[in-house]
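So the protein lines, in turn, are chains S and U.
Position 67 (the first sequence) corresponds to 67 in UniProt numbering; numbering is contiguous.
Position 179 (the second sequence) corresponds to 179 in UniProt numbering; numbering is contiguous.
Don't be surprised by glycine CBs; every beta carbon is placed ideally from N, CA and C.
Everything below concerns the one structure shown next.
2 protein chains.
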Amino acid sequence: MDGTAQPRVRDAEATQARILQAAKEEFARLGLAGARVDVIAERAEANKRMIYHYFGSKEDLFRHVLEAAYLDIRAAERALELEHLDPPRAMEALVRFTWDYYLENPEFIRLVNSENLHGARHIAESDRLNEPSRGLTELIGGILARGVASGDFRDGIDPVQLNITIAAIGYYYLTNRHTGEHLFERPFMTPEALAERLAFNIETIMRMVLRDPDRAARA
Amino acid sequence: MDGTAQPRVRDAEATQARILQAAKEEFARLGLAGARVDVIAERAEANKRMIYHYFGSKEDLFRHVLEAAYLDIRAAERALELEHLDPPRAMEALVRFTWDYYLENPEFIRLVNSENLHGARHIAESDRLNEPSRGLTELIGGILARGVASGDFRDGIDPVQLNITIAAIGYYYLTNRHTGEHLFERPFMTPEALAERLAFNIETIMRMVLRDPDRAARA
DNA sequence: TTAGTAAGTAACCAGTTAGTGTATTTGGCA
DNA sequence: TGCCAAATACACTAACTGGTTACTTACTAA
């Protein structure tokens with residue numbers, strides 16, 4: 001392409017990885033219907049034919065991107081080691097992790113939005129995502145149980161509902177920040193705004209689970 | 001509209017309304033890029049030409065649909081009369097209203113998702129949505145202030161953050177229910193599941209705002 | 001060296017899509 | 001009644017879009 005004779009390298013894996021990366025960006029940016037296969041090929045510096053060679057169709061490529069995204073967040077969840085923390089600190093760390101993951105992987109929430117727009121039919125068809133991600137729910141359930149045993153937490157909290165809420169209060173803020181900034185006339189993504197939101201989210205969750213929030217707040 | 005020989009009526013307003021309704025459904029169903037102008041025209045029982053006559057372009061139609069959706073929820077918010085309720089009951093009623101509105105207007109959250117995918121550029125360009133919707137924030141701020149005065153609520157809670165959280169815990173559950181049902185292997189939309197979620201959401205918010213949640217819970 | 005195979009490419013195609021030009025119909029009104 | 005503008009029907013197009021065909025190029029095993 002350019003003057004300095006870059007010998008075309010034949011590297012199937014690298015090409016697939018470039019295609020996946022470009023596809024992730026494009027699908028996250030414009031959604032499944034809005035993304036263009038030609039643009040993905042161009043940005044991957046690959047020929048469009050390669051996309052069909054490796055991934056079959058646009059929808060299959062989308063499914064592949066989703067699978068990678070879910071496998072990635074699951075790996076990050078597994079890498080969490082909260083067992084050595086006392087229950088309140090573990091819970092706070094979990095809220096912080098969820099928030100940080102969304103912040104550092106902005107494509108993730110946009111892909112999940114797209115998938116839900118389409119009724120989650122791609123992950124439903126996925127073989128690689130067959131076993132459900134009980135990981136995070138079990139993690140939360142474990143922290144809750146430890147917290148009840150230690151006397152820190154209230155009893156009877158549904159780990160799944162709590163899981164959903166922890167995701168919701170971070171996710172919603174970030175996906176809907178554009179309309180939010182317009183409606184509320186305030187910045188959402190400045191460091192101060194982000195810190196404020198994280199603090200609010202931690203407080204929301206801790207007040208939900210702690211037996212005596214006002215005493216524990218000073219610990 | 002009824003079966004008996006409908007003579008074609010010359011009713012610009014009705015035609016526009018049918019187009020808007022069909023457009024709302026299609027945009028909500030498939031997003032801005034996924035929706036098809038021909039399908040909208042067909043479902044509106046109007047000629048495609050009329051869409052361009054009345055609304056100019058697909059994007060302008062989308063903007064119009066969004067404007068209508070926002071004006072609608074604002075009207076519903078204004079219709080709320082929570083001043084006569086004591087602060088805890090007013091707050092609970094607000095959480096319930098938000099939840100019910102999302103449930104009864106499923107297009108709303110899908111349209112808002114689409115708009116955020118596009119960086120909120122349509123409502124930013126809108127003249128009809130120029131004045132910000134300070135309504136709900138002021139409403140929440142008012143309830144909070146009354147609650148602080150009555151001794152029911154803690155002081156220092158940011159009405160905007162609380163507003164966002166109230167929306168988030170309902171909105172996220174409903175938009176992400178498809179992936180959620182897959183991931184958590186449980187129904188999200190049965191009457192029982194919905195009632196359980198609403199109860200959880202009310203408890204989350206009440207524990208956040210109440211000075212003494214465990215005492216108040218029995219009131 | 002060479003035959004076989006996998007990687008990569010360019011041009012193309014058939015169907016779709018947003019958007020238009022224009023003739024025709026309709027209802028209100030003088 | 002007859003005029004006219006609003007409303008409507010419909011054929012059309014230019015650009016696009018997912019997917020394919022036919023081909024070249026690089027690597028490797030024998």
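Beta-bridge partners of F153/U (DSSP): L210/U.
For Y171/S, the chain U residues whose Cβ falls inside 7 Å of its Cβ are Y172, in order along the chain.
Using beta-carbon distances, L71/U does not count as an interface residue toward chain S, since no partner is under 9 Å. About 7 Å separates the beta carbons of F188/U and Y173/U, which is inside the 8 Å limit, making them a contact pair. According to the DSSP assignment, P88/S belongs to the alpha helix (DSSP H) that extends over P87 to E104.
In the displayed model, F188/U falls within coil according to three-state DSSP, outside both helix and strand.
Identification of chain S residues near G180/U by a Cβ-Cβ cut-off of 8 Å yields I164, ordered along the chain. A distance below 9 Å separates the beta carbons of W99/U and N201/U. Excluding its 5 nearest sequence neighbours in each direction, S57/U has no C-beta neighbour in its own chain below 7 Å. If you draw a straight line from the Cα of T204/S to the Cα of E125/U, it is about 34 Å long. Cβ neighbours of R177/U within its own chain (closer than 7 Å, five residues either side excluded): F188 and M189.
Here the C-alpha atom of G34/U lies approximately 16 Å from the C-alpha atom of R121/S.
A straight-line Cα-Cα distance of about 8 Å links E45/U and R18/U. When Cβ-Cβ separations below 9 Å define contact, L32/U makes contact with chain S. Contact between the segment 61-68 of chain S and the segment 90-104 of chain S is absent, with fewer than three C-beta pairs closer than 8 Å. Shown here for L80/U: same chain residues with a beta carbon closer than 8 Å to its own, the five before and five after excluded, namely A93, L94, F97 and L139 in chain order. By the rule that beta-carbons nearer than 9 Å mark a contact, V39/U does not touch chain S. Going by C-alpha positions, Y171/U is about 22 Å away from E104/S. Taking a Cβ-Cβ threshold of 8 Å, the residues of chain U close to M208/S are E203, T204, R207 and M208, in chain order. Under the DSSP assignment, L80/U falls outside any alpha helix (DSSP H); it carries neither an H nor an E label.
The beta carbon of P191/U sits no closer than 9 Å to any beta carbon of chain S.
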